[in-house]
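Student: All letters in the first sequence, in the order written, are residues 40 to 214 by the working numbering. One structure, pasted below without further comment.
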Amino acid sequence: MLKKNFFKRKADIVAKELLGKILCRRIDGKVLKSKIVETEAYFGEDDPASRACKGKNKISEMMWESPGKILIYNVHKYKMLNFITGKEGEASAVLIRALEPLNFKARTSGPGLLTDSLKIEKTFHGESIFELKELFLENSNEEFEIIESSRIGVSKDLPVKLRFYIKDNNFISKK
DNA sequence: CATATGATGGACT
DNA sequence: GTCCATCATATGG
40 MLKKNFFKRK ADIVAKELLG KILCRRIDGK VLKSKIVETE AYFGEDDPAS
90 RACKGKNKIS EMMWESPGKI LIYNVHKYKM LNFITGKEGE ASAVLIRALE
140 PLNFKARTSG PGLLTDSLKI EKTFHGESIF ELKELFLENS NEEFEIIESS
190 RIGVSKDLPV KLRFYIKDNN FISKK
């Protein structure tokens, strides 16, 4: 189980360290485990791709909340799963883009697909990852190589590599 | 294999 | 109406 301090750092650091961690989803008494294989970091006012850059609104205000909270929002008919990072009062978050299913089969190679497969609903929005029994994280000691690249699907991006994924993993949303 | 395009729905101007 | 942190399908090489 990860502690609050884990998320209380810069979004890009947390995004990198979340790779390889195990995301657990409890449904009807069964625990579906999946490895996080792809993430993206989002900042606040300085990030043109971030929802927070134009100030607060219904979705982005959660980015100023305390680290470890869950932020869910829709793009088209899909939902995005984010974790709040950084100190409280600073807008930043990490988007989970892809998972590798460990003890079940599902399509999770994309941010919209993985939330569908894990039945992650908007009811998780605003909850803290430390307090939930239906959704939590497990640590992992696996070693792997991290690749950095530009973010995907963003109209205005920073000239910084803020997308991170595990090298040679087959569940990355795009290669 | 690659790139292009349309469907989709919520939030905002 | 417009803007998207998407996806599945269609088309061409």
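Glycine is no exception: its CB is placed at the ideal position from the N, C-alpha and C atoms.
Which residue comes first and which comes last in the alpha helix (DSSP H) that contains residue 162?
Tutor: Neither: residue 162 is in no alpha helix (DSSP H) and is coded neither H nor E.
Student: Drop a sphere of 10 angstroms on the beta-carbon of residue 124, count the other beta-carbons inside from all chains shown, and report buried for 16 or more, exposed for fewer.
Tutor: With 16 or more Cβ atoms within 10 Å of its Cβ, residue 124 is classed as buried.
Student: Could you tell me the boundaries of the beta strand (DSSP E) in which residue 78 lies?
Tutor: Looking at the DSSP string, the run of the beta strand (DSSP E) that includes residue 78 is 69 to 81.
Student: Check whether the Cβ atoms of residue 60 and residue 75 sit closer than 8 angstroms, and answer yes or no.
Tutor: It is a contact, given that the beta carbons lie within the stated cut-off.
Student: The beta strand (DSSP E) with residue 3 in it runs from where to where?
Tutor: A question about residue 3 goes unanswered here, because the residues of the chain that appear run from 40 up to 214.
Student: Between the segment 127 to 136 and the segment 70 to 85, do three or more beta carbon pairs fall short of 8 angstroms?
Tutor: Contact between the segment 127 to 136 and the segment 70 to 85 is present, because at least three Cβ pairs lie under 8 angstroms.
Student: For residue 176, does the count of other Cβ atoms within 10 angstroms reach 16, so buried, or fall short, so exposed?
Tutor: By the 10 Å Cβ count, residue 176 comes out buried.
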